[in-house]
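Chemist: Here the protein sequences come in this chain order: A and B. Quick note on the numbering used here: the first sequence kicks off at 1344 and runs consecutively. Quick note on the numbering used here: the second sequence kicks off at 363 and runs consecutively. All residues carry an ideal CB built from backbone N, CA and C; glycine is no exception. The structure's right below; bear with me while I get my questions together.
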Amino acid sequence: MLRRTLLRKLLTLVPAAGAFGSLIGRIAGEGLPEEYVPEEHLYGMGIQVDRCIGCARCTQACKAENEVPEEPFYVRTWVERYTIDLDNKATVRTIGDVPVGTAEPVPERERLRSFFVPKLCNQCANPPCVQVCPVEATFSTADGVILVDEERCLGCGYCIQACPYGARYLHPQTHTADKCTFCYHRVVRGLLPACVEVCPTQARVFGDLKSRSSPLIRLRRMHKTNVLKASLNTEPKVFYTDLDGEVR
Amino acid sequence: MQLRKVPDALIRISVVIAALIVAAVTTRFFLLPASLTDRDYHKKSTIEREISRRLEFAGSDVCLDCHDQGIEIRRGFHSTVSCETCHGPAQGHVDDLATKPSAPRERRFCSVCHTYDPSRPTGFPQINPVAHNPMKPCISCHDPHDPEPPETPRECRGCHAEIARTMSVSHHVLLECTTCHTAGEGHRISPRAERATKPLQREFCGKCHDEGQEGFETLKVDMGTHGGRYLCWQCHYPHLPEG
Chain A
1344 MLRRTLLRKL
1354 LTLVPAAGAF
1364 GSLIGRIAGE
1374 GLPEEYVPEE
1384 HLYGMGIQVD
1394 RCIGCARCTQ
1404 ACKAENEVPE
1414 EPFYVRTWVE
1424 RYTIDLDNKA
1434 TVRTIGDVPV
1444 GTAEPVPERE
1454 RLRSFFVPKL
1464 CNQCANPPCV
1474 QVCPVEATFS
1484 TADGVILVDE
1494 ERCLGCGYCI
1504 QACPYGARYL
1514 HPQTHTADKC
1524 TFCYHRVVRG
1534 LLPACVEVCP
1544 TQARVFGDLK
1554 SRSSPLIRLR
1564 RMHKTNVLKA
1574 SLNTEPKVFY
1584 TDLDGEVR
Chain B
363 MQLRKVPDAL
373 IRISVVIAAL
383 IVAAVTTRFF
393 LLPASLTDRD
403 YHKKSTIERE
413 ISRRLEFAGS
423 DVCLDCHDQG
433 IEIRRGFHST
443 VSCETCHGPA
453 QGHVDDLATK
463 PSAPRERRFC
473 SVCHTYDPSR
483 PTGFPQINPV
493 AHNPMKPCIS
503 CHDPHDPEPP
513 ETPRECRGCH
523 AEIARTMSVS
533 HHVLLECTTC
543 HTAGEGHRIS
553 PRAERATKPL
563 QREFCGKCHD
573 EGQEGFETLK
583 VDMGTHGGRY
593 LCWQCHYPHL
603 PEG
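Laid out in structure tokens, this is it:
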């Protein structure tokens, strides 16, 4: 091929590439509901441990809303039963989808106290999972939610290992990491996450940390709150009230 | 000065290399659109994908837009329970009214929340499904939208069956609930608004358990030295004192 022909052909590719790129750019700009400015929000959750009855309706609702596999092993949110025995040893069991009154693992005489603790992704402000991802498939949005790009994720599982809260799992169909998104598609529309919507005792409270009047701000004003594994400096945005020291 | 003479071939290859570098830099920074090189593109497309997910739960506010009697219906203890907690995800019903949400009527649905479980918070209404009107659907006595008991229980064990069962194997089996507790009429209707009383004096237990007391063959302690300033039930569980 003549050099001149080659150069001419290459030159024609330039505008084509530009047009292709601008098309992609346009598609990427759409999607957010109108007047929604992510920078104006910062989402968080409050969990009142003393209100949780361990019904696991949150787990079921999450599975229905987010196409999480039915098997109990795959969960974006779950409820743990903590039983502290007389030796101050904590026994932790994740309760199944339908708990019954007989699931208590420690006999009554040896039991000091027991309670339920709902768990989910803590949407850390300083997330270890984002740090370790080799392809930047997981990231924090401007409104403080950690998302996974399932098209970019390799399924290497580093983030699943890195999460100190065990909040991630490998989705058996897509073979990518999956996790709680605070029901991002719901909250940008002003709806509550599915687990908060169905919680019958209001053990879960959802709110905007940048708003003065959100239920979460009120919860944090009225209660002494704590976060899980505060010593790791992950700065979680899920706040627990009445949190027992044995909860990890 | 042979070194000053740069070989012709070297100049040519330098020009080619320089041209390639310029081409690469131009392509990367000027020709390629930002959407292909920018990390934000991947984030944007992910956010877009997340936002476009299908809703399953419509939210109580949407339910009440049409079912405005729902505000009237939901009273009492269930007034803060979302419609979809029991009726299931209802966005399908919002999109197509022919799709009806579920209306659970079975005992096992209610018992997910109301079966006695020691890990549940104190004061949450719980029953033993084996002993509490077995086989009978809950909704035949309780209105799920306003779940007050059909008649306020006369006996304490109607609600406090777990305590009654515990007491039945303890030394305190023969004591009436009213020996130690006073429960007003209000407690039967709204148990958490008006609480039953507990003994607030050490001397109350001392009536049977102080060393000086005659007449009862019970375990005796010297109330003057035993227990300090604590009330007896702060250490001993009166429904099962030997536990």
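Between Thr1484(A), His1518(A) and Asp1486(A), which lies nearest to Gly1500(A) when the distance is taken from Cα to Cα?
Modeler: On the first sequence, residue 1500(A) is found 157 positions in, with the first residue counted as 1. Nearest option by C-alpha distance: His1518(A).
Chemist: With a threshold of 16 other CB atoms inside 10 Å of the CB of Val1478(A), please say whether the residue is buried or exposed.
Modeler: Walking along the first sequence from the start, residue 1478(A) turns up at place 135. Classification for Val1478(A): exposed.
Chemist: Which residues of the stretch 481-506 of chain B have a Cβ closer than 7 angstroms to any Cβ of chain A? Give them in chain order.
Modeler: Of all residues in the stretch 481-506 of chain B, Ser481, Arg482, Pro483 and Phe486 have a Cβ within less than 7 angstroms of some Cβ in chain A.
Chemist: Closer than 7 angstroms, Cβ to any Cβ of chain D: which residues of the stretch 424-455 of chain B, in chain order?
Modeler: Protein chains A and B are contained in the structure displayed, whereas chain D is not.
Chemist: For Ala1505(A), write down the residues that DSSP places opposite it in a beta bridge.
Modeler: Stepping through the first sequence from its first residue, residue 1505(A) is reached at position 162. None, per the DSSP bridge assignment.
Chemist: Which residues does DSSP pair with Glu1414(A) in a beta bridge?
Modeler: Counting from 1 along the first sequence, the entry for residue 1414(A) is found at position 71. Glu1414(A) is not bridged to any residue.
Chemist: Check whether the Cβ of Val1590(A) lies closer than 9 angstroms to any Cβ atom in chain B.
Modeler: The residue labelled residue 1590(A) in the question sits at position 247 within the first sequence. No - not a single Cβ of chain B is within 9 angstroms of the one on Val1590(A).
Chemist: Using a cut-off of 8 angstroms between C-beta atoms, extract the partners of Phe419(B) located in chain A.
Modeler: The sequence position of residue 419(B) within the second sequence is 57, counting from 1. Here the neighbours are Ala1404, Ala1407, Glu1408, Arg1529, Leu1534, Ala1537, Glu1540 and Val1541.
Chemist: When the cut-off is 9 angstroms and only beta carbons count, does Val1389(A) lie next to chain B?
Modeler: What you label residue 1389(A) is simply residue 46 of the first sequence in a count that begins at 1. According to the sequence shown, residue 1389(A) is Gly rather than Val. Not one chain B Cβ lies under 9 angstroms of Gly1389(A).
Chemist: Ignore the nearest five residues each way along the sequence and tell me which others in Thr544(B)'s own chain have a CB closer than 6 angstroms to its CB.
Modeler: For this step, residue 544(B) is matched to residue 182 along the second sequence. If the five residues before and after Thr544(B) are omitted, its C-beta is found closer than 6 angstroms to the C-beta atoms of Thr559, all from its own chain and listed in chain order.
Chemist: So is Val1475(A) in contact with chain B if we call contact Cβ pairs under 9 angstroms?
Modeler: Working through the first sequence from its first residue, we reach residue 1475(A) at position 132. It does not; no Cβ of chain B falls within 9 angstroms.
Chemist: Going by alpha carbons, who is nearest to Tyr1379(A) out of Cys1502(A), Ile1503(A) and Arg1529(A)?
Modeler: Here residue 1379(A) corresponds to residue number 36 of the first sequence, with the count starting at 1. It is Arg1529(A) whose Cα lies nearest to the Cα of Tyr1379(A).
Chemist: Residues of chain A with a CB under 7 angstroms from the CB of Thr408(B): which are they?
Modeler: Counted from its first residue, the second sequence places residue 408(B) at position 46. By Cβ distance, chain A contributes Leu1490 and Asp1492.
Chemist: Can you confirm whether the stretch 1397-1408 of chain A touches the stretch 1535-1543 of chain A when touching is taken to mean that 3 or more C-beta pairs between the two stretches lie within less than 8 angstroms?
Modeler: yes
Chemist: Mind reading off the beta-carbon distance from Leu602(B) to Met529(B)? Whole number of angstroms is fine, and I expect it under 8 angstroms.
Modeler: Position 240 of the second sequence holds residue 602(B). Position 167 of the second sequence holds residue 529(B). At roughly 7 angstroms, the Cβ-Cβ gap stays under 8 angstroms, so Leu602(B) and Met529(B) are in contact.
Chemist: Starting from Met1388(A), trace the beta strand (DSSP E) in both directions and tell me its first and last residue.
Modeler: Translated into the one-based positions of the first sequence, residue 1388(A) becomes position 45. Note, Met1388(A): beta strand (DSSP E), Tyr1386 to Gln1391.
Chemist: Determine the contact status of Val1460(A) and Glu1413(A), defining contact as a CB-CB distance below 9 angstroms.
Modeler: Taking the first sequence and counting its residues from 1, the one referred to as residue 1460(A) is at position 117. Taking the first sequence and counting its residues from 1, the one referred to as residue 1413(A) is at position 70. Their beta carbons are not under 9 angstroms apart, which means Val1460(A) does not touch Glu1413(A) by this criterion.
Chemist: Measuring CA to CA, which of Lys498(B), His494(B) and Cys570(B) is closest to Leu537(B)?
Modeler: For the purposes of this step, residue 537(B) is taken as the residue at position 175 of the second sequence. Answer by Cα proximity: Cys570(B).
Chemist: Curious, which full-length beta strand (DSSP E) runs of at least 3 residues does the stretch 560-586 of chain B contain?
Modeler: none
Chemist: Kindly list the residues whose CB is nearer than 7 angstroms to the CB of Cys1502(A), restricted to its own chain and excluding five residues on each side of it in sequence; keep chain order.
Modeler: Here residue 1502(A) refers to the residue found at position 159 of the first sequence. Closer than 7 angstroms at Cβ, skipping near neighbours: Cys1472, Val1475, Cys1476, Thr1481, Arg1511 and Ala1520.
Chemist: From which residue to which residue does the alpha helix (DSSP H) around Gly454(B) run?
Modeler: Stepping through the second sequence from its first residue, residue 454(B) is reached at position 92. Gly454(B) -> alpha helix (DSSP H) spans Gln453 to Asp457.
Chemist: Using beta carbons (cut-off 9 angstroms, strictly below), is Arg1495(A) in contact with chain B?
Modeler: By 1-based counting over the first sequence, the position of residue 1495(A) is 152. Yes, contact with chain B.
Chemist: Consult DSSP for Thr389(B) and reduce its assignment to one of helix, strand or coil.
Modeler: Here residue 389(B) refers to the residue found at position 27 of the second sequence. In the structure shown, Thr389(B) sits in a helix (DSSP, three-state: H, G or I).
Chemist: For Ala1433(A), does the three-state DSSP call read helix, strand or coil?
Modeler: Here residue 1433(A) is taken as the residue at index 90 of the first sequence, counted from 1. Of the three classes helix, strand and coil, the one that applies to Ala1433(A) here is strand, per DSSP.
Chemist: Is there a Cβ from chain B that is less than 9 angstroms from the Cβ of Arg1424(A)?
Modeler: If you number the first sequence from 1, residue 1424(A) lands on position 81. With 9 angstroms as the cut-off, Arg1424(A) counts as an interface residue toward chain B.
Chemist: Would you call Gly1372(A) buried or exposed, if buried means 16 or more other Cβ atoms sit within 10 Å of its Cβ?
Modeler: For this step, residue 1372(A) is matched to residue 29 along the first sequence. With a pLDDT of only 38 at Gly1372(A), under the threshold of 50, the placement of this residue in the model should not be trusted; the figure read from the coordinates follows. Gly1372(A) should be labelled exposed.
Chemist: Which chain A residues sit within Cβ distance under 7 angstroms of Ile525(B)?
Modeler: What you label residue 525(B) is simply residue 163 of the second sequence in a count that begins at 1. Here the premise fails: no neighbours, minimum Cβ distance about 13 angstroms.
Chemist: I'd like the span of the alpha helix (DSSP H) that includes Val1539(A), first residue to last.
Modeler: Sequence index remark: in the first sequence, residue 1539(A) carries index 196 (1-based). Taken as a continuous stretch (DSSP letters only), the alpha helix (DSSP H) holding Val1539(A) covers Ala1537 to Val1541.
Chemist: Do we get a CB-CB distance below 9 angstroms when we pair Cys1398(A) with the residues of chain B?
Modeler: Here residue 1398(A) refers to the residue found at position 55 when the first sequence is read from its first residue. Taking Cβ atoms only, chain B reaches closer than 9 angstroms to Cys1398(A), which makes this a yes.
Chemist: Does the separation of the CB atoms of Gly1389(A) and Arg1547(A) fall below 9 angstroms?
Modeler: In the first sequence, the residue the question calls residue 1389(A) occupies position 46. In the first sequence, the residue the question calls residue 1547(A) occupies position 204. Yes; because the gap between Cβ atoms is below 9 angstroms, this pair is in contact.
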